[in-house]
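Numbering (the numbering used here), first residue to last: 127 to 184.
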């Protein structure tokens, strides 16, 4: 089930970024470096999620 959720999230990120170039849109829920790299390759510069948290914060 967890793999399905990851796949679904990945597909959603891909749909959001492919063919849609909107400046100033912040992508939420970025939890892995792989997701952040994918988004950067597709021109996304604003993102938030687990990777953006200050280390040691809850």
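Every residue gets a Cβ at the ideal spot worked out from N, C-alpha and C, and that includes glycine. Please read these numbers as outputs of a predicted model, since none were measured by experiment.
Nearest by alpha-carbon distance to residue 176: which of 140, 160, 138, 137 is it?
Translated into positions along the chain shown, residue 176 becomes position 50. Of the listed residues, the one whose Cα sits closest to residue 176 is 160.
Is it buried or exposed for residue 185, if we count other Cβ within 10 angstroms and need 16 for buried?
Examination of residue 185 is not possible in this model, given that the chain is present from 127 through 184 alone.
Is the CB-CB distance between residue 174 and residue 154 below 8 Å?
Position 48 of the chain shown holds residue 174. Position 28 of the chain shown holds residue 154. Taking C-beta atoms as the reference points, residue 174 and residue 154 count as a pair closer than 8 Å.
Does the Cβ of residue 137 have 16 or more other Cβ atoms within 10 Å, making it buried, or fewer, making it exposed?
To locate residue 137, count along the chain shown from 1; it is residue 11. It counts as exposed.
Per-residue DSSP class, three states only, for residue 159
Counted from its first residue, the chain shown places residue 159 at position 33. Look at residue 159 here: in three-state DSSP terms it is helix.
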